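So the sequence shown is numbered by our numbering: it starts at 230 and just counts up by one.
Yeah, the Cβ is synthetic: ideal placement off N, Cα and C, and Gly gets one too.
Everything numeric in this text was worked out from a predicted model, so none of it was measured.
See structure below.
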Amino acid sequence: MNTFFTYAFIIGSAQGFLLAFFLFRKKENKIANRILAVTMIIFSMDLFLNSLAVTGEIKKAPYLIGLMQTFPYLYGPSLYLYVVFITRGIKNFNKNYLLHFLPFIFVQIYAFFFFYFESESYQLNLVYIENQLPWHVLLVSYLTPIYGALYLGFSIYEVYKFNKELKGTFSSIDRHNLSWINYLMIGSVILWITAISLTLIQIFFGKEFKPELGSYLAISIFIYSIAYK
């Protein structure tokens with residue numbers, strides 16, 4: 230079973246990097262597509278690190294777990310900004326948009342004090358859970374799907390407003406954008422429902438259940454579906 234997840238994560242990671250390459254080269258919606266390209270790179274890096282966790286190779290560099298566990302704090306803001314740029318037709322990136330990534334920075338600061346300089350056994354315990362995790366580590370973990378769902382709600386609201394604005398218009402480009410954004414939102418909803426459901430199952434069943442495998446398999450499928458849309 231581990232072999233299946235390893236190959237799925239590696240192939241999904243490669244697919245994401247390839248998709249990012251093509252998105253960077255697209256000339257229409259240039260800034261928006263670059264945001265989506267960066268999002269795909271984040272997905273791909275996360276999938277690759279999780280493939281290392283499945284095979285045990287991450288034991289050679291356990292500090293990478295700090296990045297792996299906090300990458301999901303980038304998903305929600307990245308997809309939200311992509312939706313905003315597409316639906317509002319924004320052409321320039323304002324540095325104020327970077328404020329959406331402050332929670333990721335805060336979590337990295339937390340990790341600097343409570344993770345990166347801890348022992349290897351402490352770091353590995355975050356993935357290969359053998360001892361009870363500290364409450365603050367669990368809090369960061371459990372807040373991840375909630376934070377993502379919050380940004381998903383923001384994204385859906387942007388799509389709702391865009392849909393209302395399009396009523397009565399005949400712009401084929403805008404309607405194509407709406408169709409694509411709706412597809413992206415459906416995939417995102419499925420992703421976060423999966424993540425939240427698996428996290429809840431882990432809360433009830435404990436460390437024996439590994440929710441990250443199902444969550445990252447869903448991300449791999451999500452990337453495949455985007456690539457072939």
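| Asked | Found |
| --- | --- |
| Exposed or buried, what is residue 239 when buried is set at 16 or more other beta-carbons lying within 10 Å of its beta-carbon? | buried |
| Measure the C-alpha to C-alpha separation of residue 181 and residue 414 and round it to an integer number of angstroms. | Residue 181 is absent from the model: the chain starts at 230 and stops at 458. |
| Count the other CB atoms within 10 Å of the CB of residue 206; is the residue buried (16 or more) or exposed (fewer)? | Residue 206 lies beyond the stretch modelled for the chain, which goes from 230 to 458, so this question has no answer here. |
| If contact is defined by three or more beta carbon pairs under 8 Å, each pair taking one atom from either stretch, is the region 232 to 247 in contact with the region 273 to 282? | yes |
| Between which two residues does the alpha helix (DSSP H) harbouring residue 394 extend? | 364 to 395 |
| When burial is assigned at 16 or more other CB atoms within 10 Å of the CB, is residue 386 buried or exposed? | exposed |
| Do you know offhand how far residue 242's Cα is from residue 364's? | 31 Å |
| Kindly list the residues whose CB is nearer than 8 Å to the CB of residue 410, restricted to its own chain and excluding five residues on each side of it in sequence; keep chain order. | 312, 315, 316, 388 and 391 |
| What residues in its chain sit with their C-beta under 8 Å from that of residue 339, if we drop five residues either side in the sequence? | 365 and 369 |
| Could you give the distance in angstroms between the alpha-carbon of residue 376 and the alpha-carbon of residue 425? | 10 Å |
| Leaving out five residues on either side along the sequence, give the residues of the same chain with a beta carbon under 7 Å from the beta carbon of residue 407. | 391, 392 and 395 |
| Do residue 380 and residue 445 have their C-beta atoms closer together than 8 Å? | no |
| For residue 303, which of 352, 420 and 332 has the nearest alpha-carbon? | 332 |
| Ignore the nearest five residues each way along the sequence and tell me which others in residue 263's own chain have a CB closer than 8 Å to its CB. | 252 and 253 |
| Let me know the secondary structure DSSP gives residue 354 once reduced to three states. | coil |
| Given a cut-off of 8 Å, decide if residue 246 and residue 270 are closer than it, judged by their beta-carbon atoms. | yes |
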